[in-house]
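Have a look at the structure below, then the notes.
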Amino acid sequence: MTNETEVDVIDPVAQIESYTKKDFQLTRLPYDFLYGLRNNKFQYSQMQVVMADKASKEGVKSFKQLYKDYLATYHSDEQMLAVNYTEFDGQPFQLACGSYICHDDIALLNSNGIVEEICNHPVLPCVRLVNIDDNTEKLIIKYRKGYKWREITVDKEILASASKITSLAKYGIAVNSENAKGLVKYLTDIEDLNYNEIEEKNSVSRLGWINNHGFSPYVDGLVFDGEENFRTLFNSVKIKGQIKNWIEIIKPIRAEKNICSRIMLAASFASVLVNPCDCLPFFVHLWGGTEAGKTVALMLATSVWADPTMGAYIRTFNSTAVAQELTASFVNSLPLVYDELQILKDKKSFDDMIYKLCEGIGRDRGAKNGGVQKIATWKNCILTSGEFPISSEKSGGGAVNRIIEIDCKDKKIFTNPSELVSEIKQNYGCAGAIFVKWLQQGDNIETVKHLRKDFYKKLVADSDVTDKQAMSASLILTADKLINEIFFNDDILLSITEMQSILTTHTSVDQNRRCYEFINDFVAVNYNKFNPEKDGYNGEIYGTVIEDRIYFIKSKFDAVLQENGFNAKAFLSWAVENKVAFASNTCNSVTKRICGKVCRCACILSVEETAEDRFLNNEDLPFD
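Residues 0 to 623 in numbering that gives the first Met the number 0 are what the sequence shown lists, from first letter to last.
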C-alpha cells in the first residue's frame, strides 16, 4: 500500500497511469494513493480528474462513486465524502464542489490539467423548492457581486438550458453565450454532489385549494415561489389581531341588517366553497353613489382573508384583461376583489371581462423563456364595486346571468365607516383561516355540499330565477349559514326571499327580449327618423311606423343592433317565431315603400301599454 511519505517522491501522473482495470475493481491501491494527496488541495483536485480519466480508459465508468464509497467506508471519521469544498469569501455555507475550484470565482480543472473559468464571481445553490401544486422544482440561488450576497429563485428549466440561463444576466449574474454551458453544468454538478445537504422546502405559486395538500397559505413550512409581482398579494393573506375582536366588530354591522354588507361578507366566505362544491365562478357587484360605502364593504369582505388596506389585496380596474386573468389564477380560491369599475375606459369590454373571469380558465400563452405557459385556472367569487351596474340592456344574457348585482340606492351602508376601516385594519385574516380549518375537518365538506343543494332547490322552486343565479346564490346562503354557526350565533340570516329579490330571472336574462325592448326604445327616441314624410323633415331616414308596426330599413336595422351589441339575425329568427316580427322571405324581412322607394325592412310589432299581453298571447298575426 502506498503511504503518504511516498507520494512526495513519486510522479503522481506516472503512478496513476500504472493502474489497471483489476486495480480499480479489486484493490484499494488507486484509492489509497489518491487519498494520500489530500493535504495538497490543488494537487488533490487535479489528480482526482486524472484518476477518473484513467479509470474510464480502463473501462471503469463509476470511479467517482467508487471513491465516495471508499471514503465513506475507510475514512468516514474525517468526513471526506467529497474531494473539494467551496471556499467563497463570506459564503453562507460550504458545499462539496468536486473538481471545481471555488474561491473568489468559479473554475474547473479539466482532464487536460487546464483551468477553465466558469464564472467570475461566487454562485451557490441554496434551497430546493418543490411546488406542491404541480411538482415543478426551483432553486434559490445565492451569488455575490462585490461584497454583497444576493438571492434569486429560478426555475430548474432555466438552470438546465444554456440558452435560457443567460436570462439571469439581468439579475447581475455574469453569464453569457460563452460561459452559459459551463455554468449550467456547474450548478447541476454542485446540486448532485450535495443533493441531501441542500435544504428542500415545499413551495406554492398561488393561493387557495391545492390538490391533496390543503389550502395555501395555511400549510406549515410553505414557501412562496410565484411571480415577484404577486409577492405583496401573497404576503397580504395573513393573520393580524384576534378572532374575538373581529367578531365584535362585525356583529353590530350584521345587526343593522343591511343586505349589501351581509351579502358581500357571505360572498367572501362563499368564494372558497366554489371549488369543493364544483360550481362556477361568479360576480357579486355593488353599485351606487359615491358616498354609499361600497369600498368599505369590499374592505370588510377582504378582512376575512387578508390585509384590507387598499393596494395590499384589493385591486382596481386599472389593469389589462391579461393582468385580471393572471390575478384571478393567483388568488385561485380566494375572492378576486376589484374596486372602482368606472376606471375602465372601454365600457364595451364589460361583457368580455365577465365571460372570461367566469369561465375560470385562461387562454394558451407563450412562456417568457419559450414553450407554452401552464393554463391558468381558478374557481372563486369576484367581488366588485362601482358607481353604476356592471351589466346593461346591451349585455348578453350569459353575462347578465353570471352577476349578482346589488343597488346601494345611494344610501350609506355603514353608520361609521371610518371607524370600521380603522378597526378591521388591526384585525383581519383570522376568520378565513378558521373557516378553512373547519372545512377540512371530518365530513364537513360533504355537509356543505348537501346544504348548498338544499338552498338551490328552494331558490328555483316556484321561481323564475335562472340556474346559474341560483347556483351562485346557494353558495352565498350556505356560507351565511355556516359563519352564523361558526362565528356569530346571532341568527341574522339571509333569507331565500331576500336573495330571490335581487337575482336575475329567465325573462330578464333573455337577450332577445331585451333587444325587442331596445328597438322600441330606439324608435321612440328617434321618432323623426321613422316619420320621414312629416312636413319639414329632411334628415336621415331609418324607416316608418304604421299603426302598430315598425318598418325598420334592414341595412339600418343591422347596423344599429350590431353597434349596440345585439345579433340582428338571431333576434329576427326569435321575433318571427314568437310573433312579434313579420316575414315574407327566408331572411325574415318584408318589403315596404318608404318615401316612394321600395326597401327591404325588418317589420317589428311595436310595444304599447298592453305589450306583455300581446307578446304572450298573440296567436295569429297577419303577414305582408
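Backbone N, C-alpha and C define an ideal beta-carbon position, used for all residues, glycine too.
Please list, in chain order, all residues of the same chain as residue i whose beta carbon is under 8 Å from its beta carbon, the five residues on each side excluded.
{"i": "Ile475", "result": "Ile262, Ala265, Ala266, Ala269, Val283, Ile403, Leu493, Met498"}
{"i": "Ser384", "result": "His284, Leu285, Trp286, Lys293, Thr294, Ala296, Leu297, Tyr337, Asp338, Glu339, Leu340"}
{"i": "Tyr146", "result": "Gly89"}
{"i": "Phe434", "result": "Phe268, Val271, Val303, Leu481, Ile482, Ile485"}
For residue i, I'd like the list of residues in its chain whose CB is within less than 7 Å of its CB, leaving aside the five on either flank, ordered along the chain.
{"i": "Val12", "result": "Val49"}
{"i": "Phe556", "result": "Ala567, Ala601"}
{"i": "Ala51", "result": "Phe62, Lys63"}
{"i": "Lys56", "result": "none"}
Would you tell me roughly how many angstroms separate the C-alpha atoms of residue i and residue j, rounded to the nearest one?
{"i": "Leu94", "j": "Glu199", "result": "15 Å"}
{"i": "Lys578", "j": "Asp547", "result": "13 Å"}
{"i": "Asp338", "j": "Val183", "result": "45 Å"}
{"i": "Val321", "j": "Val606", "result": "42 Å"}
{"i": "Tyr312", "j": "Asp224", "result": "18 Å"}
{"i": "Phe32", "j": "Leu107", "result": "22 Å"}
{"i": "Gly171", "j": "Lys144", "result": "8 Å"}
{"i": "Ser98", "j": "Ala168", "result": "25 Å"}
{"i": "Thr465", "j": "Asn537", "result": "47 Å"}
{"i": "Gln14", "j": "Ser44", "result": "16 Å"}
{"i": "Lys424", "j": "Ala291", "result": "20 Å"}
{"i": "His120", "j": "Asp103", "result": "6 Å"}
{"i": "Gln90", "j": "Pro334", "result": "42 Å"}
{"i": "Asp221", "j": "Asn426", "result": "Reading off the sequence shown, one finds Leu at residue 221, where the question assumed Asp. One C-alpha to the other measures close to 23 Å."}
{"i": "Ala58", "j": "Leu65", "result": "Note that residue 58 is Gly in the sequence shown here, rather than Ala. Using only the alpha carbons, I get a separation of about 13 Å."}
{"i": "Ser328", "j": "Asn257", "result": "31 Å"}
{"i": "Phe62", "j": "Thr19", "result": "13 Å"}
{"i": "Val597", "j": "Arg362", "result": "48 Å"}
{"i": "Val589", "j": "Lys553", "result": "9 Å"}
{"i": "Thr289", "j": "Glu539", "result": "40 Å"}
{"i": "Arg599", "j": "Thr585", "result": "12 Å"}
{"i": "Tyr541", "j": "Val575", "result": "21 Å"}
{"i": "Gln510", "j": "Phe454", "result": "27 Å"}
{"i": "Asn228", "j": "Thr326", "result": "10 Å"}
{"i": "Asn587", "j": "Arg512", "result": "17 Å"}
If I'm right that residue i touches residue j with Cβ under 8 Å, what's the distance once you round it to whole angstroms?
{"i": "Arg401", "j": "Cys276", "result": "Not quite, the Cβ-Cβ distance comes to about 16 Å (not below 8 Å), so this is no contact."}
{"i": "Arg127", "j": "Ile197", "result": "5 Å"}
{"i": "Val203", "j": "Asn130", "result": "6 Å"}
{"i": "Leu560", "j": "Cys602", "result": "The pair is not a contact, with the Cβ atoms about 15 Å apart (cut-off 8 Å)."}
{"i": "Phe551", "j": "Ile246", "result": "Contact flag wrong, Cβ pair sits at about 60 Å."}
{"i": "Ala179", "j": "Ala159", "result": "Going by Cβ atoms, the distance from Ala179 to Ala159 rounds to 11 Å, so no, they are not a contact pair."}
{"i": "Cys118", "j": "Val174", "result": "7 Å"}
{"i": "Phe349", "j": "Ile389", "result": "6 Å"}
{"i": "Ile139", "j": "Glu156", "result": "About 15 Å separates the two Cβ atoms, so there is no contact after all."}
{"i": "Ile549", "j": "Val522", "result": "5 Å"}
{"i": "Glu324", "j": "Lys373", "result": "About 13 Å; that fails the 8 Å criterion."}
{"i": "Ile495", "j": "Leu458", "result": "6 Å"}
{"i": "Asp132", "j": "Arg230", "result": "Not really, about 17 Å apart at Cβ, beyond 8 Å."}
Kindly indicate which three-state DSSP category residue i falls into: helix, strand or coil?
{"i": "Lys578", "result": "coil"}
{"i": "Val447", "result": "helix"}
{"i": "Ser302", "result": "coil"}
{"i": "Leu192", "result": "helix"}
{"i": "Leu615", "result": "Because Leu615 carries a pLDDT of 40, less than 50, the predicted location of this residue cannot be relied on, and the following value inherits that uncertainty. Looking at Leu615 - three-state DSSP - the assignment turns out to be helix."}
{"i": "Leu319", "result": "First, the amino acid is wrong: residue 319 is Thr here, not Leu. Three-state DSSP puts Thr319 in coil, outside helix and strand."}
{"i": "Trp377", "result": "coil"}
{"i": "Ala601", "result": "strand"}
{"i": "Pro124", "result": "strand"}
{"i": "Gly181", "result": "helix"}
{"i": "Arg261", "result": "helix"}
{"i": "Ile164", "result": "helix"}
{"i": "Tyr536", "result": "coil"}
{"i": "Phe486", "result": "helix"}
{"i": "Tyr30", "result": "helix"}
{"i": "Glu418", "result": "helix"}
{"i": "Leu327", "result": "Rather than Leu, the amino acid found at residue 327 in this sequence is Ala. Residue state, collapsed to three classes: helix."}
{"i": "Thr231", "result": "helix"}
{"i": "Asp154", "result": "strand"}
{"i": "Ser202", "result": "strand"}
What residues in its chain sit with their C-beta under 6 Å from that of residue i, if we drop five residues either side in the sequence?
{"i": "Leu123", "result": "Lys141"}
{"i": "Asn274", "result": "Trp208, Ser332, Lys378"}
{"i": "Phe565", "result": "Cys514"}
{"i": "Ser235", "result": "Ala305, Asp306, Ala311, Tyr312"}
{"i": "Cys125", "result": "Ile139, Lys141"}
(message) Whether or not the region 210-220 and the region 182-196 are in contact is what I'm after, with contact meaning three or more pairs of Cβ atoms, one per stretch, closer than 8 Å; do they touch?
(response) Counting Cβ pairs under 8 Å, fewer than three are found: no touch.
(request) Count the CB pairs spanning the region 523-534 and the region 565-583 that are closer than 8 Å, and state whether there are at least three. (result) Between the region 523-534 and the region 565-583 there are fewer than three C-beta pairs closer than 8 Å, too few to call the two in contact.
(request) Answer yes if the region 240-260 comes into contact with the region 436-447, meaning at least three C-beta pairs across the two stretches below 8 Å, and no otherwise. (result) Counting Cβ pairs under 8 Å, fewer than three are found: no touch.
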